[in-house]
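Note sheet for the following structure.
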Amino acid sequence: MPPIPDVATVGDALSVVVPTWSDGAREVKTAVCWVRRDLRASDHRALAEATRAARQVAVVFVYDTTILGELNDRADKRVTFIHRSLDDLDLALKGRLLTAIGDPCAVIPKLAHELGAEAVFANHDDDPYALRRDARVKEELAKDGRELRTFKDHVVFERAEVATAGGTPFRVYTPYARAWRAQLSARDVEACVPDLEKVGAPTTQSARAGNHTLSDVGFQEATIWLAPGSTGAKSRLDSFLARIGDYGSLRDDADTDGTSGLSVHLRHGTLSVRECVRACLGAEGEGSSKWLAELIWREFFHMVLSQMPWVVNEPFQPAYHDVDWPGSQEHFERWREGQTGYPLVDAAMRCLNETGWMHNRLRMVVAMFLTKDLLVDYRKGEVHFAEKLLDFELSSNNGGWQWCASTGADAQPWFRIFNPVTQSRRACPKGDFIRRWCPELRDCDDEQVHWPHKSGLFAGQGYVAPIVDHAVQREKALAFHKAVNRR
Ligand SMILES: Cc1cc2nc3c(=O)[nH]c(=O)nc-3n(C[C@H](O)[C@H](O)[C@H](O)COP(=O)(O)OP(=O)(O)OC[C@H]3O[C@@H](n4cnc5c(N)ncnc54)[C@H](O)[C@@H]3O)c2cc1C
Numbered sequence: 032m033p034p035i036p037d038v039a040t041v042g043d044a045l046s047v048v049v050p051t052w053s054d055g056a057r058e059v060k061t062a063v064c065w066v067r068r069d070l071r072a073s074d075h076r077a078l079a080e081a082t083r084a085a086r087q088v089a090v091v092f093v094y095d096t097t098i099l100g101e102l103n104d105r106a107d108k109r110v111t112f113i114h115r116s117l118d119d120l121d122l123a124l125k126g127r128l129l130t131a132i133g134d135p136c137a138v139i140p141k142l143a144h145e146l147g148a149e150a151v152f153a154n155h156d157d158d159p160y161a162l163r164r165d166a167r168v169k170e171e172l173a174k175d176g177r178e179l180r181t182f183k184d185h186v187v188f189e190r191a192e193v194a195t196a197g198g199t200p201f202r203v204y205t206p207y208a209r210a211w212r213a214q215l216s217a218r219d220v221e222a223c224v225p226d227l228e229k230v231g232a233p234t235t236q237s238a239r240a241g242n243h244t245l246s247d248v249g250f251q252e253a254t255i256w257l258a259p260g261s262t263g264a265k266s267r268l269d270s271f272l273a274r275i276g277d278y279g280s281l282r283d284d285a286d287t288d289g290t291s292g293l294s295v296h297l298r299h300g301t302l303s304v305r306e307c308v309r310a311c312l313g314a315e316g317e318g319s320s321k322w323l324a325e326l327i328w329r330e331f332f333h334m335v336l337s338q339m340p341w342v343v344n345e346p347f348q349p350a351y352h353d354v355d356w357p358g359s360q361e362h363f364e365r366w367r368e369g370q371t372g373y374p375l376v377d378a379a380m381r382c383l384n385e386t387g388w389m390h391n392r393l394r395m396v397v398a399m400f401l402t403k404d405l406l407v408d409y410r411k412g413e414v415h416f417a418e419k420l421l422d423f424e425l426s427s428n429n430g431g432w433q434w435c436a437s438t439g440a441d442a443q444p445w446f447r448i449f450n451p452v453t454q455s456r457r458a459c460p461k462g463d464f465i466r467r468w469c470p471e472l473r474d475c476d477d478e479q480v481h482w483p484h485k486s487g488l489f490a491g492q493g494y495v496a497p498i499v500d501h502a503v504q505r506e507k508a509l510a511f512h513k514a515v516n517r518r
């Protein structure tokens with residue numbers, strides 16, 4: 032693993048560095064800061080830029096009815112997380128947050144017009160829908176002589192900022208990560224500090240002061256397992272930093288709290304990724320370097336999506352274009368409901384369906400089970416995860432699924448197929464996680480719990496029989512992938 036930049040050098044540089052994040056654009060009297068996947072008031076690039084450029088700034092969040100209209104579940108956990116995080120943001124802004132419900136392409140230009148704001152400031156969102164939306168907002172604002180100014184915030188290096196010597200996108204993680212680390216300087220992770228004194232709460236028709244209620248938005252309160260907002264992110268980061276040294280050894284153990292659990296906060300921007308990287312650079316040891324490597328995976332998949340956006344619909348590897356995956360709908364449904372007869376797969380799927388969360392190692396196990404043991408098209412699993420995950424991030428979800436299905440950038444080789452029972456013994460040695468989510472197996476001992484079928488337990492206690500035989504399916508998967516890669 033390449034070393035992280037020298038901590039002493041970075042630390043020295045941090046104390047003397049002059050802010051460089053401003054683009055030096057012309058000053059304006061009034062600005063709107065439109066927050067989207069950056070629900071915090073500190074270390075916030077667009078808000079810092081807006082308060083630097085303008086004399087007064089209105090901060091607004093729009094409940095985007097196009098996005099919300101596509102959610103099937105009226106008690107979607109993401110909406111509750113966002114709603115509560117906005118309450119937290121409103122507190123941080125001393126009650127000066129504005130919120131609106133509607134189509135941002137109409138709401139934002141109207142709000143800017145009402146406030147006489149010359150510019151709207153926002154952070155980049157590179158998901159295909161958001162890029163189209165922002166282009167329309169920019170067009171609408173321009174009709175009225177107003178600007179949309181956007182900034183990098185969600186990642187440390189975005190788009191084509193880390194590229195090969197020839198200027199092309201990296202297709203493999205390790206050289207990308209090496210280049211990413213070599214390119215990193217203290218300035219890239221410098222905090223962007225907004226002047227909150229400039230944030231006001233003007234009265235307008237298109238947005239209200241404070242947060243809407245969830246029922247205004249058409250949703251119900253859901254139970255979520257983590258504290259929302261920057262307040263929740265801060266305490267989770269602090270508690271993780273106290274145990275970051277153990278990250279390398281515990282990160283694959285699903286029975287313990289070995290990872291940070293910060294992906295939800297990074298996804299919704301209740302935590303700044305720059306703050307995470309600064310914390311990493313300030314911590315010593317193998318654990319922090321390993322954690323930085325995971326943050327770089329996030330940036331790698333972000334780069335892949337932004338530079339090769341067709342991966343949203345098509346496999347990254349051309350060999351897998353136009354392939355008919357032979358898996359059945361019935362097997363997909365059994366996988367989705369956690370009824371495959373493979374305890375770790377079932378426990379993980381039930382946990383996801385109930386909580387919106389799944390440990391990374393288990394995401395790999397269930398994704399590989401669906402695409403290799405059941406030979407179901409990875410896109411079906413990807414869609415299910417997108418509906419359920421509280422940390423759903425298009426780039427990481429697509430990248431993770433294609434990695435497991437062996438169709439993606441720097442994916443698992445196609446002949447690498449996890450044995451779900453061996454994985455279960457490794458990822459859940461004590462079996463507690465399985466017993467919790469598969470109560471049918473609560474009386475199994477630490478060995479039986481990984482494969483109860485040998486002892487005939489499933490018959491007596493209502494646990495399902497395995498829907499496939501892993502050894503048989505493994506041979507089928509090898510033959511399938513071999514044929515695809517020979518075409
Ligand atoms: C099939 C599949 C689907 C996935 N879908 C998502 C998703 O929708 N959203 C998402 O944030 N992550 C996704 N991941 C990556 C990973 O599983 C989660 O980021 C991780 O489990 C979050 O837990 P944590 O915050 O405790 O991570 P930690 O281990 O503490 O890692 C720190 C941070 O690094 C990032 N990270 C870690 N691993 C990865 C990875 N493999 N790829 C990209 N970023 C990573 C996350 O932002 C994470 O919060 C997926 C992985 C797979 C295999």
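According to our numbering, the sequence shown is numbered sequentially starting from 32. Just so it is clear, CB atoms sit at the ideal spot from N, CA and C, and this is done for glycine as well.
Ile465 is a Cβ neighbour of Val480, given a cutoff of 7 Å.
The beta carbon of Arg365 lies closer than 7 Å to those of Thr371, Ile498 in the same chain, with the five residues before and after it left out. The residues Trp356, Gly358, Ser359, His362, Phe363, Trp366, Leu401, in chain order, have a CB closer than 8 Å to that of Val407 in the same chain once the five nearest residues on each side in sequence are set aside. For Glu418, the shortest C-beta to heavy atom distance toward ligand 1 is 6 Å or greater.
Remark: the C-beta of Glu189 is outside contact range of ligand 1, defined as less than 6 Å to any heavy atom. For Tyr160, the enclosing alpha helix (DSSP H) begins and ends at 159-174.
With the rule of 3 Cβ pairs closer than 8 Å, the stretch 142-156 counts as touching the stretch 59-74.
Within the same chain, Cβ atoms closer than 7 Å to the Cβ of Leu172 are found at Pro140, Ala143, Val151, Glu178, Leu179, the five residues on either side in sequence being excluded. Ser486 and Val376 have their C-alpha atoms spaced approximately 19 Å apart.
When secondary structure is reduced to three states using DSSP, Glu315 falls in the coil class, being assigned neither helix nor strand. For Glu145, DSSP records no beta bridge to any residue.
In this structure, DSSP gives Thr195 a state outside helix and strand, which the three-state scheme calls coil. One Cα belongs to Glu368, the other to Pro159, and the distance between them is close to 30 Å. Comparing alpha carbon positions, the residue from Leu122, Asp476, Ser427, Arg212 closest to Pro340 is Ser427. Short note on Phe423: C-beta closer than 6 Å to some heavy atom of ligand 1. Beta-bridge partners assigned by DSSP to Thr61: Gln87. Inter-residue distance for Asn384 and Ala502 is about 28 Å (C-alpha atoms, whole angstroms).
Counting C-beta pairs closer than 8 Å gives fewer than three between the stretch 280-290 and the stretch 236-243, which falls short of the contact rule. Look at Ile132 here: in three-state DSSP terms it is strand.
A direct Cα-Cα distance of roughly 37 Å separates Asp156 from Arg518. Here Asn516 has Ala350 as same chain residues with Cβ atoms under 6 Å from its own Cβ, once five neighbours each way along the sequence are excluded. Met339 has its Cβ no nearer than 6 Å to any heavy atom of ligand 1. No heavy atom of ligand 1 is found nearer than 6 Å to the CB of Asn429.
Assigned with DSSP and collapsed to three states, Asp463 falls in helix. Per the C-alpha coordinates, the member of Pro135, Gln214, Tyr409 positioned closest to Ser237 is Pro135. Taking a contact to require three or more Cβ pairs closer than 8 Å, the stretch 328-344 and the stretch 275-287 do not qualify as touching.
Unbroken beta strand (DSSP E) stretches of 3 residues or longer found wholly inside the stretch 328-389: none. Here DSSP, grouped into helix, strand and coil, assigns Gly126 to coil.
Membership of Phe511 in the alpha helix (DSSP H) is indicated by the continuous run 501-517.
Ligand 1 approaches Leu326 closely enough that one of its heavy atoms is under 6 Å from the residue's Cβ.
Here Ala458 really is in contact with Val396; their C-beta atoms are around 7 Å apart, less than 8 Å. The Cβ-Cβ distance between Val304 and Leu421 does not fall below 7 Å. Cα atoms of Gly279 and Ala273: separation of roughly 14 Å, rounded to the nearest angstrom. Straight across, the Cα-Cα distance linking Pro460 with Gly231 is about 54 Å. Taking C-alpha positions only, Asp175 is separated from Glu145 by approximately 12 Å. Relative to the Cα of His512, the nearest Cα in the group Cys469, Pro470, Arg309, Trp445 belongs to Trp445.
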